[in-house]
Amino acid sequence: MEETLASGINFELTDEQNALREHVRTFVDNEIKPVALQYDESQEFPTEIFKKFGELGFLGVLVPAEYGGSEMGYQEFAIIVEEIARGCPSIALGVAAHNGLCTNHILRFGSEELKRKYIPMLASGEVMGAWGLTEPGSGSDAGGMQTTAVLDGDHYILNGSKNFITHGNVGSPTVVLCVTDRSKGKKGISAIVIDKTMEGYYPSKKENKLGMRSSDTATLIFDNVRVPKENLIGNEGEGFIQALQILDGGRISIAALSLGLAQGALDASLKYSRERQQFGKSLSDFQAIQFKLAQMAMNIEAARLLTYKAAWLRDNGQNITLAAAQAKLFASEICVQAAEDSIQIHGGYGYIKDYPVEKLYRDAKLLTIGEGTSEVQRMVIARQLLAD
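In numbering that gives the first Met the number 0, the protein residues as written are 0 to 387.
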């Protein structure tokens, strides 16, 4: 902490970052908010919106210009995800996963050949990316995965399954974490890129979820998929270490998503409390409501500071394991509380779909589970503290 703050503290965004925030916010107000509930009800993936994201450069946020990307940093990534989440967390989840997981994994650790093959189409939005770590029998315990890849001449033969995969049906290419040497434990896990042109790769059922319903979440099945060995990312046995680093960055985007959802809940609560009359006064005149609003605002500001600090550290090449875990844990948990408080402020109206907070309440809970549960974040934080 002392090293990162020694040169002084500056909380100001640049003019370019402020302009980006306004640009995203305008798009969300005009293109996403009016249809968010519609997509939630239909559980349809918002293909047209993501095509527009591709045109705007929001699907290649971290990608260098030479691969067709926007060449921005994690602070800009956080801004984009936060603002989209204010309008629809479910759609923001797709932006976070596409940029932070699949695309980023190939970009950071893939060969030049893999980058040239997959990154331009991912950055443009021509295709959506998926990232496969979780399995039916291994969630937080990634070392217990059963998916295997066995080298057979110039190809790997991939067998197994993954579940709870964002863009499982709509996505291709997919980065798959798999076991290439069982005897080495986690050091025998590798990362391989597959795509739907490969026989034996089957997306399966789309999950019927509590929230984040327009985000495509599905099971993937691999039945003797023949994958060129050139699709190995890095070297055999490096997949688990790669995944941990990808998850560090991904936690910044989930923190930003949580932050945007919480801000959306506060915005809706402020609006409703000013308009709703009870006992001859606005709800906002009652101290009990004021205290809830004050607590929400304070928590959101603290989450914003943690999130943008982690993003700044990542952009400046510093270790973010502790900062990202802290940001993700705090932002996701205050997000759930903000969504619940917003329901309480709205009373019975908060429980019906005519008001946005009902959807926010359902969307919020995933954020304490995905990309490492709150319990895992506490483990990561404690290990970082005790390692000093």
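The beta carbon of each residue, even a glycine, is placed where N, CA and C say it ideally should be.
Small disclaimer: the values here were computed from a predicted structure and weren't measured.
Residue burial is scored here from C-beta neighbours: L304 has fewer than 16 other C-beta atoms within 10 angstroms and is therefore classed as exposed. Judged by pairs of C-beta atoms under 8 Å, the region 55-75 does not touch the region 211-223, as fewer than three such pairs exist. Residue environment: Q286 is assigned as exposed (fewer than 16 neighbouring CB atoms within 10 Å of its CB, all protein chains considered). Rounded to whole angstroms, the gap between the alpha carbons of Y307 and R20 is 14 Å.
Distance from the CA of N230 to the CA of E237, rounded to the nearest whole angstrom, comes to 14 Å.
By the neighbour-count definition (other C-beta atoms within 10 Å, threshold 16), T173 is a buried residue. For I83, the uninterrupted alpha helix (DSSP H) run begins and ends at 73-86, by DSSP. Boundaries of the alpha helix (DSSP H) harbouring R303: 286-314, taken from the DSSP string. When the alpha-carbon of L58 is set against those of V27, A96, D39, the nearest one is in A96. With fewer than 16 other beta carbons inside 10 angstroms of its own, F10 counts as exposed. The C-alpha of E357 lies about 25 Å from the C-alpha of E47.
Its chain contains S89, R212, S213, K358 as the residues whose beta carbon lies nearer than 7 Å to that of D39, once the 5 sequence neighbours on both sides are disregarded; these appear in chain order.
For G263 and E339, the gap between their C-alpha atoms comes out near 12 Å. Rounded to whole angstroms, L366 and Q343 show a C-alpha spacing of 20 Å. The three-state reading of DSSP puts N98 in helix, counting H, G and I together.
Q16 sits in a helix when the DSSP states are folded into three classes.
Measuring C-alpha to C-alpha distances from A267 to each of I245, L292, K280 identifies L292 as the nearest. In the three-state scheme derived from DSSP, where H, G and I count as helix and E and B as strand, T165 is classed as strand. The three-state secondary structure of M211, taken from DSSP, is coil. Contact between I188 and I232 fails: their C-beta atoms lie close to 11 Å from each other, not under 8 Å.
The beta carbon of G109 sits closer than 6 Å to those of I232, all from its chain and outside the five residues before and after it, given in chain order. Close CB contacts of V149 within its chain, under the 6 Å cut and outside five residues either way in sequence, are with I156 (chain order). Taking 8 Å as the upper bound for CB-CB distance, T165 and A129 are in contact here, some 7 Å apart.
By the Cβ-count criterion, I351 is exposed, with fewer than 16 other Cβ atoms from all chains shown falling within 10 Å of its own Cβ. Per DSSP, A129 lies in no alpha helix (DSSP H) segment; the continuous beta strand (DSSP E) that holds it begins and ends at 127-131. Remark: fewer than three beta-carbon pairs, one from each stretch, lie closer than 8 Å, so the region 192-206 and the region 132-146 are not flagged as touching. In summary, P45 is buried, with 16 or more beta-carbon neighbours lying within 10 Å of its beta-carbon over all protein chains present. For R225, the beta-bridge partners assigned by DSSP are I156.
Short of 6 Å from the beta carbon of T102, and not among the five residues preceding or following it, lie these beta carbons of its own chain, in chain order: L121, G128. For K205, the enclosing beta strand (DSSP E) covers residues 200-205. Setting aside the 5 residues that flank it on each side, A323 is surrounded in the same chain by D247, R250, I251, A309, each with a C-beta closer than 6 Å to its C-beta; the list follows chain order. When DSSP states are grouped into helix, strand and coil, P172 belongs to the strand group. Cα atoms of A77 and M295: separation of roughly 20 Å, rounded to the nearest angstrom. Here the alpha carbons of I193 and T320 stand approximately 28 Å from one another. One thing to note: E111 has its Cβ no nearer than 8 Å to the Cβ of V27. Counting other Cβ atoms within 10 Å of its Cβ, G316 stays below 16 and is therefore classed as exposed.
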